[in-house]
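Comments concern the structure below.
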Amino acid sequence: MDNSRRSFIKISALGASGIAISATAFGSISNNALMKDSLLAKSVNLKRSATYCEVCFWKCAAWAYTDENNNIKKIIGNEIDPHCEGRLCPRGTGGVGMYADEDRLKTPLIRTSINGKDTFREASWEEALTLVASKMKTIKDKYGAESMALLKHGSPGSHLEHLFKAYGSDTIGEPAYAQCRGPRETGFGLTFGSWIGSPEPTDIRDTKCLVLIGSHIGENMHNSQVQEMADAIDNNATIITVDPRLSTAASKSKYWLAIKPATDIALLLSWMHVLIYEDIYNKKYVEQYAYGFDELKEHVKNYTPEWAYGITTIKPEDIRKTAREMAAAAPATIIHPGRHVVWYGDDSQRERAIAILNGLLGSWGNRGGFYFKEKVKVPKFPHPPYPHPKWGWEELGEKYPYAEMGITQELVNASLPDTDSKHKIKAWFVAGTNLVNTLPQQAKTIKAIEALDFMVVLDTMPMEITGFADVVLPECTYLERYDGIRSATNREPSIALRAPAVKPKYDSQPAWWVAKQIGEKLGLGDYFKYDDFEEVIAWQLNKMGTSLEEMKKVGVKKYERTSGPLFLEEGQPYEFATNTGKVELYSTDLASNGFDPMPVYTAHPEPEQGFYRLNYGRSPMHTFSRTINNPYLSDLKDENKLWVNPKVARIEGLTNEQEVWLINQDGVVSTFPIKVRVTERIRWDSVYMYHGFGHNNEKLTRAYGKGISDQELITRVAIDPLMGGTGLRGNFVKILIEKPTKEERV
Ligand code: SF4
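Residue numbering for the sequence shown follows the numbering used here, beginning at 1404 and increasing consecutively.
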């Protein structure tokens, strides 16, 4: 397969000229008016402002350039930032489209009824925020502050979280946990005593063998990680990709293992078998640092490659060959934990299996494996102590002993009119997350919303969720506001500043301002003792040995490590933060809580005749559903397609570009049609589409009706018994050639 760096990694073609250069990387971007402007901007005297990108959670530090008329001309990566190494991904360079989008929410809206019909009327901020505060007061008086939940995503969430904690509610959740990365934190936490966190502490640039299991690096565009993978490819690292689809990463791999979906644990167990029974695991590492090797050896005794072949459809010789490649490269081998890992309900255990393999290879704490990450602590701006809520996210998720954050669907369950939860939720504050298109079981989410006494939504765009709100608050974009100082784990600690490049457009406001106004109206002014969030940042930066002035000039500041070296020294004693102080191949914690201490393979439901497993993933041009309407990114990709194998195309009588509808196992029919893409790159038992498309809010003028929303077809979830994650990949669809009648729709 073609292992050339240039053909793999478009991100690395981005240079100092940001958007303009990205036009060469992605041909279609050059059609964009703003991009042409930026080419002309060279002669103009531009001012630069420090920011960090909010198009995805990687939070790359950047410079936003504005002209003398306060027009944003371009955004480029901050050259010293470890998250981006001076280069933004195509989505990041298109981030200015969030600012420019004329479909943005422009003014506060309040739900009203005209002639018996619900509609929105425009309102002033004063009226809208007074209404929100008075409703929050009523909820608190009537049911207790705990009955008001915060559902959030991204930077605005932290401002609202402060408001909620001051108000007395810890009923807080975000889809990024139970609908995305939660299981890997549990699996790795139980094994190594450490969360993975973000960015992942994977030493990809030095690795000799990278194993990706359903992880789409290169399509998910997580910036520095993608750049490191390009370096690894340049350095002839072996890439092994396990995926029912020939992903971009798979196309650059030495081995593409086109696994039968839902059988990954069987493959992982058989890899352990080969490493142990061929005696090629990292003996020194295991002897010094691991606990439970003998139990694991016994456990995997019968999980031979021949056993796994019957389950995974991967040939025994390929299982052996790939295990030997991993062992030969160890400890510079990474079995990547992935990111969106909520698949089949046994996800924490699959992540345990991945962690155990890394343990057998000695990857954790070794160059080319996982480094010991570090971040710098940002001091808390002084405020009175928060009150203690009587209940919150922990009580709602108490049946999941390893949940470490709010489980979104448990918050939804406690909001249902017929809930049997002893704790009832009566109102939601939704910030920056399009819940109806983000959570599975859309009908349930809508039922919960309809039962609420009150719902307020803060967002930049008229996403589907705004249509259900009582009050809609227009948030300004990241280019128009201050937010908290970015401090993330990395090889060396660093901080980044986000300062406004331009004034908020229309009548929009930053989340910090919204939280402060509501707080003051609720009599919580002592928690917001500043006029501008700039004061909070300036105070924090002074405490951190720098200043707002300095950060405005540099954007990013790096700090020395204080926790010790990045990697273990030869034979160095080390205590892992587990019960035994060791890498737990056998989990003492799981055993004492009555769970399998070592992962086991369980068969998952298979599609019935005529149905195909619905698989989904990331388009490199988009982040979730929030970027689909972005004028610059929708220029690059404005609809998703249904990938079908030629065998399926023959059986179903499909041709390329033909429009089809989908119906799932529970009779839910897609709202819109989707065009077919016939390709060998997907197995015959699955279909695949990019996530985030198929918007049904007409106010999103570019995104409306383009493609299918995978989320509306995900009505069956398999819950992870350890931490409450929602396994989403057990849904099956049938392909409909004819447009379904109204009666056929659920
Ligand atoms: S990876 Fe891309 S979209 Fe994400 S923060 Fe970085 S530049 Fe922005």
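Backbone N, C-alpha and C fix where the C-beta goes; we use that ideal spot for every residue, glycine too.
Could you check which residue in the options has the C-alpha nearest to that of residue i?
i	options	result
Y2019	I1620, L2045 and I1898	L2045
F1832	P2034, E1564, R1742 and F1970	E1564
I1888	L1671, R1901 and H1786	R1901
A1652	A1633, D2041 and S1950	A1633
F2135	P1664, F1998 and T2030	P1664
Y2091	F2075, H1786 and N2043	N2043
V1535	K2040, P1782 and V1874	V1874
S2089	E1801, G2013 and E1813	G2013
N2100	N2032, N1705, I1722 and H1486	N2032
T1594	L2116, T1991 and M2126	T1991
A1526	D1910, I1616 and P1976	D1910
T2129	K2137, H1556 and T2118	T2118
L1615	G1596, W1598, E1754 and E1938	E1754
G1359	T1880, V1859 and E1878	Absent from the structure is residue 1359, since the part of the chain shown begins at 1404 and ends at 2149.
E1631	V2051, D1606, Y1688 and I2122	D1606
V2081	A2052, L2103, Y1803 and P2000	A2052
L1876	S1516, G1768 and M1866	M1866
Nearest-angstrom Cα distance between residue i and residue j?
i	j	result
L1819	E1549	16 Å
F1773	D1609	10 Å
S1441	K1611	Low local confidence applies: a pLDDT of 46 at S1441 is under 50, so the model's placement there is unreliable, with the coordinate-based value given in what follows. In a straight line, the C-alpha of S1441 is about 40 Å away from that of K1611.
I2140	Y1712	35 Å
I1757	P1586	11 Å
K1985	N1761	14 Å
T1811	I1940	30 Å
G1600	W1461	11 Å
E1482	P1896	16 Å
N1840	Y2093	14 Å
E1987	I1759	8 Å
R2132	Y1747	6 Å
G2056	A1918	55 Å
G1497	W1710	48 Å
A1732	D1682	15 Å
G2196	I1662	Any answer about residue 2196 is impossible in this case: the structure gives the chain only from 1404 up to 2149.
L1437	R1494	The predicted position of L1437 is uncertain, since its pLDDT is 40 and thus under 50; a value taken from the coordinates is nonetheless stated next. Whole-angstrom Cα-Cα distance: 14 Å.
E1690	Y1684	11 Å
T1725	N1639	16 Å
R1584	P1843	15 Å
D1637	P2076	41 Å
K1829	G1926	21 Å
W2169	H1556	No answer is possible for residue 2169: the residues shown for the chain start at 1404 and end at 2149.
N2067	P2143	13 Å
P1782	T1949	13 Å
C1459	S1995	38 Å
K1545	N1518	30 Å
L1613	D1721	16 Å
Can we count residue i as close to ligand 1, meaning its CB is less than 6 Å from some heavy atom?
i	result
V1499	no
G1495	yes
V1959	no
C1583	no
N1626	yes
C1879	no
V1458	yes
W1466	no
W1461	yes
L2039	no
L1699	no
L2116	no
L1491	yes
What are the partner residues of residue i, as DSSP defines its beta bridges?
i	result
W2064	L2139
T1644	L1615 and W1659
E1987	Y1694
Y1468	R1451 and K1477
N2048	Its beta-bridge partners do not exist; DSSP assigns none.
R1702	Correcting the residue type first, residue 1702 is His in the shown sequence and not Arg. According to DSSP, which records beta bridges pairwise, H1702 is partnered with nothing at all.
R1889	A1899
Q1912	E1878
D1573	G1795
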